[in-house]
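These notes concern the structure reproduced below.
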Amino acid sequence: MIQFTLLKNKSGNLAGFRCTSHGKDIVCAAVSALTMNAINSIEVFSDCKFNVDFNEDGGFMEFLIVDEEIEPAAALLLDSLDLGICSIAAEYENEIEIFVKEV
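0 is the number of the first residue of the sequence shown in numbering that gives the first Met the number 0; add one for each residue after it.
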């Protein structure tokens, strides 16, 4: 089962995510596509500074915007990621758990 954690900053804004474990291939592929697209889009469409950490063998990825103020474009992209992950979780409720954590 995939554990997907939405990371919120002290202001309560979505600032990143952590994804661990594996699930069904279709769920892993969907989560991977959404997370990679979000990271790539934030890099291209915003000037936010961020850190990315991942395991090359899969099963772990963490992305966190390190700026105190999150640009509107980056915030929108993270909200879109949240919507997509929640949609996957609704369809595959036994394959993904969603958590929220303040960082």
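We treat Cβ as the ideally placed atom computed from N, Cα and C, and that holds for glycine.
Check	Outcome
Run of the beta strand (DSSP E) containing E101, from where it starts to where it stops	95 to 101
CA nearest to the CA of L80, picked from N93, L33, F62	L33
Closest by C-alpha distance to A14, when choosing among K23, H21, T4	T4
Where N50 falls: helix, strand or coil (DSSP)	strand
N-terminal and C-terminal residue of the beta strand (DSSP E) that G15 is part of	13 to 19
Nearest neighbour of I1, chosen from V51, F59, A37 [CA to CA]	F59
Touch test, the segment 16 to 32 against the segment 54 to 74, Cβ-Cβ under 8 Å, three pairs minimum	yes
Euclidean distance between Cα positions of V26 and L82	15 Å
Nearest residue (CA-CA) to F53, options L63, S45, C47, F44	L63
Proximity of I69 and N12 at Cβ, strictly below 7 Å	yes
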